[in-house]
Amino acid sequence: MLQLDSVKIEIYGVDGSHWIINGPDIDRDVITLATSPKGIYDAPVSTSYKASAFQRGATYQGKRYLKRDITFAVNIHGADPEEWEERDSAWRNAWDYELDAWDPDATLTKMQVTTDRASRWLWLALDRNIEFESERDPRLLRKSIVPMAVTAAQPMWEEPTKVTAWETGQGAGEGLIEVSNPTDLEMAQKWVLTRGRWRLPDVSWRGKKYRRAPGGPYANRTLTMPMLGDVEGGARIDLDPIKLMARDLNGTNLIGRMGGFHFMHRIPPRTPPTLLPVSVTDAPVGGARVELHQPRLWTRAWGLR
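Residue numbers (this note's numbering): 11 to 315.
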């Protein structure tokens, strides 16, 4: 009978350490995942409904994704009391409650889950302490079960961002750039522009899942960006609602120069590869380039394709 491997779960610590706690390549004499982890499956969500005084039932108002809380435990082993203590200490040093304020390159702890189809990850911080319990001295036992309570402020599992690009020579040019969104979540796309005067697509979408296409009242909508010269160096556009939508490469807000217009449409889930038009005029010597950065966020660690 074919023996299937469990999913591979890796931890990349805030201190640069790397641990394999489940699946292929695990060293069962070091640190292993205990049973019954909670919170790693579907992203936490709350829905809201409103009802009038005499309404039967209620009317759906919307949903909101919450931070993801995860609880799990690991088994820590050692060949002798000193080795157990070193590993127990090293595991704790892989975690923190917040980013290191003194390290400009600091990250939170990364939990990565890998199947035979994809790798996805979360960025985790300690949420609270859980009292350690042991009937006997774990140094003498040379093993312990350490409970963990962690949280992901951004609750979606991430895959590598897909980047598509289009470029042209000096002067003017027009072409097509590919966009897609295979995930189960609406995608907040990001544009990166070099110098020139750009016209970018901002279309509305229609159609069933996996067959969506530009359609509806803004099927052909485009926006013209202000001229980007040596002072601006280029621009970044981000449709994430908590980010500044348009800024030059120095971080200066460009919305005030866009004539009252702004980008309206993110990419719906299950959108197949689609070509959208882009164009530029006044491209400098050396040409111009536009990149479309397409984040891949999922509500689960695997599947849903």
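Every residue gets a Cβ at the ideal spot worked out from N, C-alpha and C, and that includes glycine.
Keep in mind that this is a model prediction, so the values were computed, not measured.
1) What residue from Trp167, Ser27, Asn32 has the CA that sits closest to alanine 311's CA?
2) Please return the same chain residues whose Cβ sits closer than 7 Å to the Cβ of proline 305, not counting the five positions on each side in sequence.
3) In this structure, what does DSSP give as the bridge partners for serine 56?
4) What's the C-alpha gap between glycine 243 and tryptophan 308?
5) For asparagine 260, which of Arg246, Ser46, Pro224, Asn103 has the nearest alpha-carbon?
6) Taking buried to mean at least 16 other C-beta atoms within 10 Å of its own C-beta, is histidine 87 buried or exposed?
7) Starting from the Cα of leucine 136, find the closest Cα among Tyr220, Phe82, Glu93, Ile155 and give me that residue.
8) Does the segment 176 to 184 come close enough to the segment 261 to 277 that 3 or more CB-CB pairs lie under 8 Å?
9) For proline 91, name the three-state secondary structure that DSSP assigns.
10) Since proline 157 is in the beta strand (DSSP E), which residue starts that stretch and which ends it?
11) Please determine, among Gln122, Val290, Ile50, the residue with the shortest C-alpha to C-alpha distance to leucine 186.
12) Could you spell out where the beta strand (DSSP E) holding glutamine 122 opens and where it closes?
13) Quick one: complete beta strand (DSSP E) runs, 3+ long, within the segment 232 to 260?
14) Contact defined as beta carbons within less than 8 Å: I believe arginine 152 pairs with aspartate 90. What is the distance between those atoms, to the nearest angstrom?
15) If you check the beta carbons only, do leucine 238 and glycine 206 fall under 8 Å apart?
16) Which of the three DSSP states is assigned to isoleucine 19 in this structure?
17) If you count every other CB in all the chains shown that lies within 10 Å of the CB of tryptophan 112, and 16 or more means buried, which is it?
18) Ordered along the chain, which non-local residues of its own chain (more than five positions away) have a Cβ less than 8 Å from that of glutamate 95?
19) Would you decide whether arginine 74 is buried or exposed? Buried here means 16 or more other CB atoms lie within 10 Å of its CB.
20) In this structure, does DSSP put glutamate 96 in helix, strand or coil?
21) Using a Cβ-Cβ cutoff of less than 7 Å, which residues in the same chain neighbour valine 40 once the five nearest sequence positions on both sides are dropped?
If we stick to the structure as given:
1) Along the sequence shown, read from residue 1 onward, the residue named residue 311 stands at position 301. When only C-alpha atoms are compared, the closest one is Trp167.
2) Indexing the sequence shown from 1 puts residue 305 at position 295. Answer for proline 305: Thr171, Met197, Ala198, listed in chain order.
3) Residue 56 sits at position 46 when you count from the first residue of the sequence shown. Note: serine 56 sits in a beta bridge opposite Arg74.
4) Numbered from its first residue, the sequence shown carries residue 243 at position 233. Numbered from its first residue, the sequence shown carries residue 308 at position 298. So the alpha carbons of these two residues sit roughly 33 Å apart.
5) Position 250 of the sequence shown, counting from 1, holds the residue named residue 260. Measuring from the Cα of asparagine 260, the nearest candidate turns out to be Arg246.
6) Here residue 87 refers to the residue found at position 77 of the sequence shown. Histidine 87 sits buried, since 16 or more C-beta atoms from the chains shown fall within 10 Å of its C-beta.
7) Looking up residue 136 in the sequence shown gives position 126. It is Phe82.
8) Touching, no.
9) Here the question's residue 91 lines up with position 81 in the sequence shown. Here proline 91 carries a helix assignment [DSSP, helix/strand/coil].
10) Taking the first residue of the sequence shown as position 1, residue 157 is located at position 147. Segment 153 to 162, the beta strand (DSSP E) holding proline 157.
11) Counting from 1 along the sequence shown, the entry for residue 186 is found at position 176. For leucine 186, the nearest C-alpha among the options comes from Val290.
12) Within the sequence shown, the letter at position 112 stands for residue 122. DSSP places glutamine 122 inside the beta strand (DSSP E), whose first and last residues are 119 to 124.
13) Segments of the beta strand (DSSP E) lying fully in the segment 232 to 260: 232 to 234, 245 to 248, 256 to 258.
14) Locating residue 152 in the sequence shown gives position 142, counting from the first residue. Locating residue 90 in the sequence shown gives position 80, counting from the first residue. About 6 Å separates the two Cβ atoms, so the contact holds.
15) For the purposes of this step, residue 238 is taken as the residue at position 228 of the sequence shown. For the purposes of this step, residue 206 is taken as the residue at position 196 of the sequence shown. The Cβ atoms of leucine 238 and glycine 206 sit closer than 8 Å to each other.
16) Here the question's residue 19 lines up with position 9 in the sequence shown. In this structure, isoleucine 19 counts as strand in the three-state DSSP scheme.
17) Residue mapping note: residue 112 aligns to position 102 of the sequence shown, counting from 1. Result: exposed.
18) The residue given as residue 95 occupies position 85 in the sequence shown. Cβ within range, chain order: Gly88, Arg149.
19) In the sequence shown, counting from the first residue as 1, residue 74 sits at position 64. Classification of arginine 74: exposed, given that the 10 Å Cβ count is below 16.
20) Within the sequence shown, residue 96 is the residue found at index 86, counting from 1. Here glutamate 96 carries a helix assignment [DSSP, helix/strand/coil].
21) Counted from its first residue, the sequence shown places residue 40 at position 30. So the qualifying residues of the chain are His87, Arg97.
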